[in-house]
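First to last, the sequence lines map onto chains R and G.
Under my numbering, read the first sequence as residues 1 to 210, first letter to last.
Under my numbering, read the second sequence as residues 211 to 420, first letter to last.
Reviewing the structure listed below.
Number of protein chains: 2
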Amino acid sequence: MSTRPERPAARRAGRRPGTSGTREAILAAAGQQFAEHGYDRASLRGIAAEAGVDQKLIAHFFGSKQQLFVAAVGLPFNPGDVLPAILAGDPDSIGERLAALLVEVLEQPELHRRLTGVVRAAASEPEVARMLREFLTRELFGPAAEFLGAEDGPFRANLVGSQIVGLVMARYVIAIEPLATISPNAVAAAVAPTLQRYLLGPLGPDDRDR
Amino acid sequence: MSTRPERPAARRAGRRPGTSGTREAILAAAGQQFAEHGYDRASLRGIAAEAGVDQKLIAHFFGSKQQLFVAAVGLPFNPGDVLPAILAGDPDSIGERLAALLVEVLEQPELHRRLTGVVRAAASEPEVARMLREFLTRELFGPAAEFLGAEDGPFRANLVGSQIVGLVMARYVIAIEPLATISPNAVAAAVAPTLQRYLLGPLGPDDRDR
Numbered sequence: 001m002s003t004r005p006e007r008p009a010a011r012r013a014g015r016r017p018g019t020s021g022t023r024e025a026i027l028a029a030a031g032q033q034f035a036e037h038g039y040d041r042a043s044l045r046g047i048a049a050e051a052g053v054d055q056k057l058i059a060h061f062f063g064s065k066q067q068l069f070v071a072a073v074g075l076p077f078n079p080g081d082v083l084p085a086i087l088a089g090d091p092d093s094i095g096e097r098l099a100a101l102l103v104e105v106l107e108q109p110e111l112h113r114r115l116t117g118v119v120r121a122a123a124s125e126p127e128v129a130r131m132l133r134e135f136l137t138r139e140l141f142g143p144a145a146e147f148l149g150a151e152d153g154p155f156r157a158n159l160v161g162s163q164i165v166g167l168v169m170a171r172y173v174i175a176i177e178p179l180a181t182i183s184p185n186a187v188a189a190a191v192a193p194t195l196q197r198y199l200l201g202p203l204g205p206d207d208r209d210r
Numbered sequence: 211m212s213t214r215p216e217r218p219a220a221r222r223a224g225r226r227p228g229t230s231g232t233r234e235a236i237l238a239a240a241g242q243q244f245a246e247h248g249y250d251r252a253s254l255r256g257i258a259a260e261a262g263v264d265q266k267l268i269a270h271f272f273g274s275k276q277q278l279f280v281a282a283v284g285l286p287f288n289p290g291d292v293l294p295a296i297l298a299g300d301p302d303s304i305g306e307r308l309a310a311l312l313v314e315v316l317e318q319p320e321l322h323r324r325l326t327g328v329v330r331a332a333a334s335e336p337e338v339a340r341m342l343r344e345f346l347t348r349e350l351f352g353p354a355a356e357f358l359g360a361e362d363g364p365f366r367a368n369l370v371g372s373q374i375v376g377l378v379m380a381r382y383v384i385a386i387e388p389l390a391t392i393s394p395n396a397v398a399a400a401v402a403p404t405l406q407r408y409l410l411g412p413l414g415p416d417d418r419d420r
């Protein structure tokens, strides 16, 4: 699992003067452009123009548009990096692997702080909700649905997302008891069968009205 | 199901002049006192003092502290009013009844607007999160856990809450597709088994670490 934080890298010792300023300018421009245009329509060209830097510097500092978004929004890690490890392996334990990863991430204070920050921002700022929606659809739900293969793959990926965001809200943001303080293992065990069914199990008595 | 909106009542025709002003003053004082002291420690006496009215007027306009909170926060209905109907009846279809109610509520624009407003506010304002947490624990999770009887009743009630708040976030606030536009029946069918298991089914391979 890759969970490198992006922002602190700019503050490592030994870099040339000015590097950190450029990186921060790109991040600020990216935040502005993603908020204004959404994830899909924001372009690296537009972000470079907004930051007043050569577009090649974005690739140098961040790599892809996906990675730049992860850094600009403060996501705790790049979902695209961890998806393959979740999807690979025994399909019958995919819910367990996903629940274990989720709980592992949420137990790390810095990652937990960032993820709750993103959820809070998405709840209160429509433009954050929009860019997160576009990012998740393109980089997470899309690939997951492709893996699942079934016609209802996107709906299944959304259902998984609903339980994950709900767990973040209930355990960390609203902090209802005893969920807020119960052991990570107990949370993972309780939630894993839900994720498993949403991904690969039956979704209802039939497919009426869908 | 009782889903009377509380606020619009104050604007009905035919009331005495001044009534609406008193009601609004109580609501404003309640909002302030619940935010400052939380649900548990805020008192009707303190709210009456803050509003500069006789405490009996609160009972006249709103009834109980619970009902006053529902009105002040803008909850779409009093959860305490609907809980008995959910808990009564065949235990094997409790998840179905709860999912059907949830979807019915969320399909009504005014109720949906209010519920998403509460979720947004809880996500972005710690004092709203606190009073909602205290209210839900005392008026919803507590009674639900008592009904469930089992030692892990409160945890089970919390898990149900996590899926419900997650559905509100994913379908309405972040509005991921196709979940945002899929039929209410399909959503209810997909979520019902999750609520059923959280309430009455197995929570994990064992109870380790809980």
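Here a beta-carbon is modelled for each residue, glycine too, at the ideal position from N, C-alpha and C.
These numbers were taken from a predicted model, which means no experiment stands behind them.
Is the distance from the Cβ of residue i to the Cβ of residue j below 8 Å?
i        : j        : result
Leu101/R : Val70/R  : no
Gln373/G : Gln163/R : yes
Ala123/R : Arg381/G : no
Asp74/R  : Gly117/R : Per the sequence presented here, residue 74/R reads as Gly, with Asp not at that position. Yes. Within cutoff.
Arg211/R : Ile386/G : This structure does not reach residue 211/R, given that chain R is present from 1 up to 210, and the question cannot be answered.
Gly262/G : Ala238/G : no
Gly414/G : Ala189/R : yes
Let me check understanding here. Comparing Cα to Cα, which of the options lies closest to residue i?
i        : options                                : result
Ala180/R : Arg366/G, Pro412/G, Glu335/G           : Arg366/G
Gly38/R  : Phe62/R, Arg138/R, Ala145/R, Gln108/R  : Arg138/R
Glu356/G : Leu297/G, Gln277/G, Leu254/G, Ile268/G : Leu297/G
Pro202/R : Tyr408/G, Gln277/G, Val401/G, Glu361/G : Val401/G
Thr194/R : Gly161/R, Pro184/R, Ser64/R, Pro84/R   : Gly161/R
Arg113/R : Gly52/R, Val168/R, Gly46/R, Val53/R    : Val168/R
Ala150/R : Gln108/R, Val173/R, Asn158/R, Leu200/R : Leu200/R
Tyr198/R : Ile47/R, Gly95/R, Lys65/R              : Gly95/R
Gln318/G : Phe287/G, Pro301/G, Gly363/G           : Phe287/G
Ser393/G : Phe272/G, Gly273/G, Leu308/G, Leu316/G : Leu316/G
Gln276/G : Pro301/G, Arg307/G, Phe244/G           : Phe244/G
Pro91/R  : Ala144/R, His60/R, Asn158/R            : Ala144/R
Ala186/R : Pro294/G, Gly273/G, Leu369/G, Ile268/G : Leu369/G
Asp250/G : Leu358/G, Ala295/G, Leu278/G           : Leu278/G
Could you give the residue range of the alpha helix (DSSP H) that holds residue i?
i        : result
Ala298/G : Here Ala298/G belongs to no alpha helix (DSSP H), and DSSP marks it neither H nor E.
Ser334/G : 319-334
Phe279/G : 275-283
Thr194/R : 184-200
Val160/R : 153-168
Ile351/G : Rather than Ile, the amino acid found at residue 351/G in this sequence is Phe. Where Phe351/G is concerned, there is no enclosing alpha helix (DSSP H), given that its DSSP letter is neither H nor E.
Val103/R : 94-106
Ala259/G : 254-261
Phe271/G : 265-272
Return the chain-ordered list of same chain residues with a C-beta closer than 6 Å to the C-beta of residue i, the five sequence neighbours on each side being excluded.
i        : result
Pro178/R : none
Ala220/G : Any answer about Ala220/G is weak, because its pLDDT of 41 lies below 50 and its placement is not dependable; what the coordinates show is given next. Hits under 6 Å: Ser230, Arg233.
Ser350/G : At residue 350/G the sequence reads Leu, which differs from the Ser that was named. Excluding residues within five positions, the ones whose Cβ falls inside 6 Å are Pro289.
Val173/R : Thr116
Val313/G : Pro394, Val397, Ala398
Leu205/G : The question about residue 205/G has no answer here: the residues shown for chain G are numbered 211 through 420.
Ser64/R  : none
Quick one: what's got a C-beta closer than 8 Å to residue i's C-beta in the same chain, skipping five residues either side?
i        : result
Gly31/R  : Ala72, Val73
Glu246/G : Ala252, Glu337
Leu358/G : Arg366, Ala367, Leu409, Leu410
Gly89/R  : Arg97
Below 7 Å CB to CB, which residues in the same chain sit around residue i once its five sequence neighbours on both sides are set aside?
i        : result
Gly224/G : Legend: pLDDT at Gly224/G = 41, less than 50; position of this residue unreliable, no value from coordinates given.
Leu346/G : Gly371
Gln265/G : Leu254, Arg255, Ala258
Val165/R : Val119
Glu260/G : Ala239, Gln242, Gln243
Phe61/R  : Arg23, Ile26
Pro352/G : The sequence as given places Gly at residue 352/G; Pro does not occur at that position. Excluding sequence neighbours, Gly352/G sits near nothing in its chain.
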